[in-house]
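**Q** For the sequence shown, the UniProt record's numbering begins at 1 and goes up steadily by one.
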Amino acid sequence: MTTSKTAGPVLWNVDAKGVAHVSFNRPDVNNAYNGELIEGVLEALDTLSNTEGLRAVLLTGNGKHFQAGADLKWINEVRNADLAENVRVSRATADAVRLLNLAPVPTVALVQGGCFGGGTGIVSACDVVIAADNAMFSIAEVRWGLTAAIIIPQLNDAIGVRQVRRYALTGERFDADTARRIGLVHEVVPLGELEAAGHRIIDHLLQNGPEAIADTKSLILEGAFADIPNESYNELVESHAAKRQSEEAAEGLLSFKEKRAARWG
Numbered sequence: 001m002t003t004s005k006t007a008g009p010v011l012w013n014v015d016a017k018g019v020a021h022v023s024f025n026r027p028d029v030n031n032a033y034n035g036e037l038i039e040g041v042l043e044a045l046d047t048l049s050n051t052e053g054l055r056a057v058l059l060t061g062n063g064k065h066f067q068a069g070a071d072l073k074w075i076n077e078v079r080n081a082d083l084a085e086n087v088r089v090s091r092a093t094a095d096a097v098r099l100l101n102l103a104p105v106p107t108v109a110l111v112q113g114g115c116f117g118g119g120t121g122i123v124s125a126c127d128v129v130i131a132a133d134n135a136m137f138s139i140a141e142v143r144w145g146l147t148a149a150i151i152i153p154q155l156n157d158a159i160g161v162r163q164v165r166r167y168a169l170t171g172e173r174f175d176a177d178t179a180r181r182i183g184l185v186h187e188v189v190p191l192g193e194l195e196a197a198g199h200r201i202i203d204h205l206l207q208n209g210p211e212a213i214a215d216t217k218s219l220i221l222e223g224a225f226a227d228i229p230n231e232s233y234n235e236l237v238e239s240h241a242a243k244r245q246s247e248e249a250a251e252g253l254l255s256f257k258e259k260r261a262a263r264w265g
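#1: Since D127 and T147 should fall inside the 8 angstroms C-beta cutoff, what is the C-beta to C-beta distance between them, to a whole number of angstroms?
#2: Output the distance between the C-alpha atoms of G40 and N30, rounded to the nearest integer angstrom.
#3: Where does P265 sit, in a helix, a strand or coil, going by DSSP?
#4: So what does DSSP say about S218, is it helix, strand or coil?
#5: What residues are listed by DSSP as bridge partners for D175?
#6: Is the Cβ-Cβ distance between N241 and N80 less than 7 angstroms?
#7: Which one of A92, D82, D15 has the shortest CA to CA distance from D46?
#8: So what's T120 in DSSP terms, helix, strand or just coil?
#9: Run through the DSSP bridge pairs and tell me what V14 is partnered with.
#10: Using only the alpha-carbon positions, how far apart do F24 and I150 sit?
#11: To the nearest angstrom, report how far apart T120 and G183 are at their CA atoms.
#12: Does the segment 210 to 217 come into contact with the segment 173 to 180, if we say contact requires no fewer than three beta-carbon pairs (one atom in each stretch) closer than 8 angstroms?
#13: Is it buried or exposed, I220, if we count other Cβ atoms within 10 angstroms and call 16 or more buried?
#14: Do G18 and G145 have their beta-carbon atoms positioned less than 7 angstroms apart in this structure?
#15: If we call anything under 7 angstroms between Cβ atoms a contact, is P27 one with N62?
#16: When the Cα of L206 is compared with those of G114, D15, A56, L37, which residue comes out closest?
#17: Which residues does DSSP list as the beta-bridge partners of S4?
#18: Based on DSSP bridge pairs, tell me the residues matched to G114.
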């Protein structure tokens, strides 16, 4: 069983303590996700789920930013494909977040710089999130005529419906201290201390019984917003795909390309 990947949009390795270090690796585009990155996350999670002795996952983003949401150039290419391809892409993206949320071992995310759109869905699916003091967040999909449908359940779990109603509707950016106040992150540290803070959390986790941790996490997730039946999950995926192909999304993505304000209605 391969326990490392050293090239590509998602890198990982498992150390002697059973800790998987997983990194987004598209720093030239601020780790924005495209089809290859999504497939990389799915491959990593599939491989790690079958890795004997795995104790925890430490998730990071290479470069100045953790994860800047979707690569909108790629999103625009996808929206021009047929509906089946759009549904496939939405399902793969949703599956990546869902599998991260349900991982039987603890997941720890270290966030620096930008964490936008789908990036907020990723951190909301992690068990422990530590942010550097330079981190910025947004649930930005509405700015481009899109929806955050496939990450709304995890966001509802992480920050509560009341906060999602604000930040998913305004699309506004908020800083690390606000993210801590509303519950998206657990702790804010200086940028230079981010890695050490992550290892401190990992050390705490490794002191605990792995079966007890898995059982406790399973109990916590029972009845959570993200614990939805397959029918509801499929509806979210299909809604997410359909909105990408709407006229409103076409205008939103064109406004991004042309670096102008969108002309709604």
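Even glycine gets a Cβ: it sits at the ideal position worked out from N, Cα and C.
A quick note: this is a predicted structure, and the numbers were derived from the prediction, not measured.
**A** A quick look at the data gives this:
#1: In fact, because the Cβ distance is near 26 angstroms, the residues do not count as touching under 8 angstroms.
#2: 16 angstroms
#3: Correcting the residue identity first, residue 265 is Gly in this sequence and not Pro. Three-state DSSP puts G265 in coil, outside helix and strand.
#4: helix
#5: Beta-bridge pairing links D175 to M136.
#6: The question names Asn, but residue 241 is Ala in the sequence shown. Going by beta carbons, A241 and N80 fall outside the 7 angstroms limit.
#7: A92
#8: helix
#9: DSSP, once it has assigned bridges, lists A20 as partnering V14.
#10: Using only the alpha carbons, I get a separation of about 20 angstroms.
#11: 12 angstroms
#12: no
#13: I220 is exposed by the Cβ-count criterion.
#14: No; because the gap between Cβ atoms is not below 7 angstroms, this pair is not in contact.
#15: yes
#16: Minimum Cα distance to L206 is reached at A56.
#17: N13
#18: M136
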